[in-house]
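One structure is given here, and the rest of the page talks about it.
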Amino acid sequence: MSDNVKIFGDYVELDNVKEYMVISFSANTLAIDELWDSSALSARFLSGFWGNFFPKTGLQAGNIRNDVKDSVRYIAAELLGNAVKFSFLPEFIIKIGLYMINGELRFYVTNSVAPNHIDEFQDFIQTIMSHDPNDLYLQQMEKNAEQGNMESRMGFLTMILDYESLIAWKFGKDDGIDTVTTLVRLPIVRKK
Numbered sequence: 001m002s003d004n005v006k007i008f009g010d011y012v013e014l015d016n017v018k019e020y021m022v023i024s025f026s027a028n029t030l031a032i033d034e035l036w037d038s039s040a041l042s043a044r045f046l047s048g049f050w051g052n053f054f055p056k057t058g059l060q061a062g063n064i065r066n067d068v069k070d071s072v073r074y075i076a077a078e079l080l081g082n083a084v085k086f087s088f089l090p091e092f093i094i095k096i097g098l099y100m101i102n103g104e105l106r107f108y109v110t111n112s113v114a115p116n117h118i119d120e121f122q123d124f125i126q127t128i129m130s131h132d133p134n135d136l137y138l139q140q141m142e143k144n145a146e147q148g149n150m151e152s153r154m155g156f157l158t159m160i161l162d163y164e165s166l167i168a169w170k171f172g173k174d175d176g177i178d179t180v181t182t183l184v185r186l187p188i189v190r191k192k
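Quick note: the sequence shown uses UniProt numbering, first residue 1, plus one each step.
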């Protein structure tokens, strides 16, 4: 591993995947409001696409399919929203890829990150990884209610608690640009 790469959590590199979809875009092609709308649209598209891979018939088929679609929509929207919001260089290509691997959907989202925000972000990640997510969730809800905080910091905690996801981060450089790739592993049981 390069000296420029820093991993948090159980980060898994991609290896010879057959089922996947990638969407990439440059943050400077649209105004920020349009990017937010496009991120939500992309999340809905991804959830609809991946929902098709799950059963349409059977006792629990509709529930499974709807759960997958809702989970993908929430996680993709949250990850894309963060990527758009925190991307440092507007010309850097933001990528989201969804991969079906060994009974789980893996979301890989890569964006540029401001060099002067890396330490703060990594401290936040360390806090998530070293504390009980239930306690952090309650603390953050109280803080947001007291301060009217505009940065909710609830997305990753919601993914962990409500969707039983595993999250990891990889910080590195791409052509000299500081980047972060967020990996969210959503457990899925495929029933035929």
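Just so it is clear, CB atoms sit at the ideal spot from N, CA and C, and this is done for glycine as well.
Computed from a predicted structure; not experimentally measured.
Bridge partners of aspartate 174 according to DSSP: Ile177.
Counting C-beta pairs closer than 8 Å gives fewer than three between the stretch 134–147 and the stretch 35–53, which falls short of the contact rule. In terms of Cβ geometry, isoleucine 7 and isoleucine 96 do not form a close pair [threshold 8 Å]. Here methionine 21 is not near leucine 41, since their CB atoms are 8 Å or more apart.
Boundaries for lysine 18: no alpha helix (DSSP H) harbours it, and the DSSP string shows neither H nor E there. The stretch 75–89 and the stretch 105–124 touch, with no fewer than 3 CB-CB distances between them shorter than 8 Å. As computed with DSSP, glutamate 146 is found in no beta bridge at all.
Secondary structure of glutamate 104 (DSSP, three-state): strand.
In the three-state scheme derived from DSSP, where H, G and I count as helix and E and B as strand, isoleucine 23 is classed as strand. Rounded to the nearest whole angstrom, the CA to CA distance from glycine 176 to isoleucine 64 is 43 Å. The Cβ neighbour count for threonine 181, taken over all protein chains shown within 10 Å, is at least 16; the residue is labelled buried. Comparing C-alpha distances from aspartate 174 to each of Glu120, Phe92, Val184 shows the shortest one belongs to Phe92.
Here threonine 182 is bridged, per DSSP, to Val109, Trp169.
Counting along the chain, isoleucine 160 sits inside the alpha helix (DSSP H) bounded by residues 155–163. The beta-bridge partner set that DSSP reports for leucine 98 consists of Met21, Phe107. The straight-line gap separating the alpha-carbon atoms of valine 184 and histidine 131 is approximately 18 Å.
In the DSSP annotation of this structure, the continuous segment of the beta strand (DSSP E) that includes isoleucine 7 starts and ends at 6–8. Here proline 115 has Asp178 as same chain residues with Cβ atoms under 7 Å from its own Cβ, once five neighbours each way along the sequence are excluded. Between the alpha carbons of leucine 186 and glycine 9 lies a distance of about 15 Å.
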